[in-house]
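Asks: Residue numbers (the numbering used here), protein chains in the order written: chain V, 23 to 182; chain W, 23 to 182. From the three backbone atoms N, C-alpha and C, an ideal C-beta is built for every residue, glycine too. In this text, all values refer to a predicted model and were calculated from it rather than measured experimentally.
Number of protein chains: 2
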Amino acid sequence: MKTMQTSSLTLVIALLLLPVLQARAQQEQKWAEEDTIFPRGEKIENDHFNGAAWVSFLIRGDSTNQTSVGNVTFEPGARTNWHSHPAGQIILATGGVGYYQEKGSPRRVLRKGDAVKCPPNVPHWHGASPDQAFVQIAITGREHGPTEWLRPVSEEEYHR
Amino acid sequence: MKTMQTSSLTLVIALLLLPVLQARAQQEQKWAEEDTIFPRGEKIENDHFNGAAWVSFLIRGDSTNQTSVGNVTFEPGARTNWHSHPAGQIILATGGVGYYQEKGSPRRVLRKGDAVKCPPNVPHWHGASPDQAFVQIAITGREHGPTEWLRPVSEEEYHR
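Written out as structure tokens, the structure reads:
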């Protein structure tokens, strides 16, 4: 009789816990889905990046407004090569933890909510921190020509 | 004896549920805090808006790059007046449900992840839906002059 009673109570505990655990799992699932505002897009397959990165083009420049907007996701450790933009660039950090460095300045850490204006023709690089991915919106004017790509960021520069 | 046993088991159930419920509450709290990427900023106090809206300026245009970026939050029902931008505007929807309409076109519903390019000098308005707030990033070139503000959006236009 006592064994039966204990079994019943174990069942009651399990039944009580089930919806709470389900709700928690759903909450976590929702969080994971909604954390990223824009789609991750296509994997970047050119030689100007070190490590895996993805881009989705949100707005493409045209003759009426040459500003382009892209959502870029870097896996931990991934970064661009050094490069510069003839019309400058604006970076909005929307998720994770990233790095940003302009030539001649110390490396900065970027977190969700940070905004950076990189002046025209100033070499810089950006990417994820070693342990966390980084998601950013890049806003780039095309009116003075294309991005100028430079050499890769060395391990020493990345970790300095 | 049976009463004591039942009380102990009730206590066990409560102790088992406690950390699960705490974790769920923390998850919900985290979600609420992280849903908004940029600060809500200051309440907009000019006559170009109908209803309450807030703006935080993320990037201000300067002589090297005249693109400005602002994060705008509209309470449910709030919207801009009709207006146009001499260099056009890009809108990125980051939260809630909003409306966007260009002159001569039907009103569009904007949701998180939508991106809109409004051509130069085309009158348009944007704002929240009646029942849900709307959060957007506005990317605006200032190189051809300031925003031209027009008349308010009528109730008929808003609800059409």
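1. Which chain V residues are close to residue 125 (chain W), counting only those with a beta carbon under 9 Å from its beta carbon?
2. Which first and last residues belong to the beta strand (DSSP E) in which residue 124 (chain V) is found?
3. Check whether the Cβ atoms of residue 118 (chain W) and residue 157 (chain W) sit closer than 7 Å, and answer yes or no.
4. Buried or exposed: residue 182 (chain V), going by 16 or more other Cβ atoms within 10 Å of its Cβ?
5. Which residue marks the beginning of the alpha helix (DSSP H) containing residue 181 (chain W), and which one marks its end?
6. Looking at residue 79 (chain W): is its Cβ nearer than 7 Å to the Cβ of residue 92 (chain W)?
7. Name, going along the chain, the residues of the region 144-170 of chain W whose beta-carbon falls closer than 8 Å to a beta-carbon of chain V.
8. Put residue 34 (chain W) into one of helix, strand or coil per three-state DSSP.
9. Would residue 113 (chain W) pass as an interface residue toward chain V - the criterion being a Cβ-Cβ separation below 7 Å?
10. How is residue 58 (chain W) classed by DSSP in three states: helix, strand or coil?
11. Taking only beta-carbon atoms, is residue 36 (chain W) less than 7 Å away from chain B?
12. In chain order, what residues of the region 57-79 of chain W put their CB closer than 8 Å to some CB of chain V?
13. Examine the Cβ distances between the region 102-119 of chain V and the region 131-151 of chain V and report whether three or more of them are shorter than 8 Å.
14. Along the chain, where does the beta strand (DSSP E) containing residue 81 (chain W) start, and where does it finish?
15. Comparing the CB of residue 169 (chain V) with every heavy atom of the ligand ADP, is any distance shorter than 6 Å?
16. Residues of chain V with CB closer than 9 Å to the CB of residue 100 (chain W), please, in chain order.
Replies: Taking the geometry as given:
1. Correct list: empty, because the minimum Cβ distance to chain V is about 16 Å.
2. 111-124
3. In this structure, the beta-carbon distance from residue 118 (chain W) to residue 157 (chain W) falls below 7 Å.
4. By the Cβ-count criterion, residue 182 (chain V) is exposed, with fewer than 16 other Cβ atoms from all chains shown falling within 10 Å of its own Cβ.
5. 177-181
6. yes
7. 159, 161 and 163
8. helix
9. Taking CB atoms only, residue 113 (chain W) has no neighbour in chain V less than 7 Å away.
10. coil
11. No chain B is part of this structure, whose protein chains are labelled V and W.
12. 57, 59, 60 and 61
13. In short, these stretches touch, since the Cβ pair count reaches three.
14. 75-81
15. The model depicted lacks the ligand ADP and carries no ligand whatsoever.
16. Within 9 Å Cβ-Cβ: nothing; residue 100 (chain W) doesn't reach chain V, min ~21 Å.
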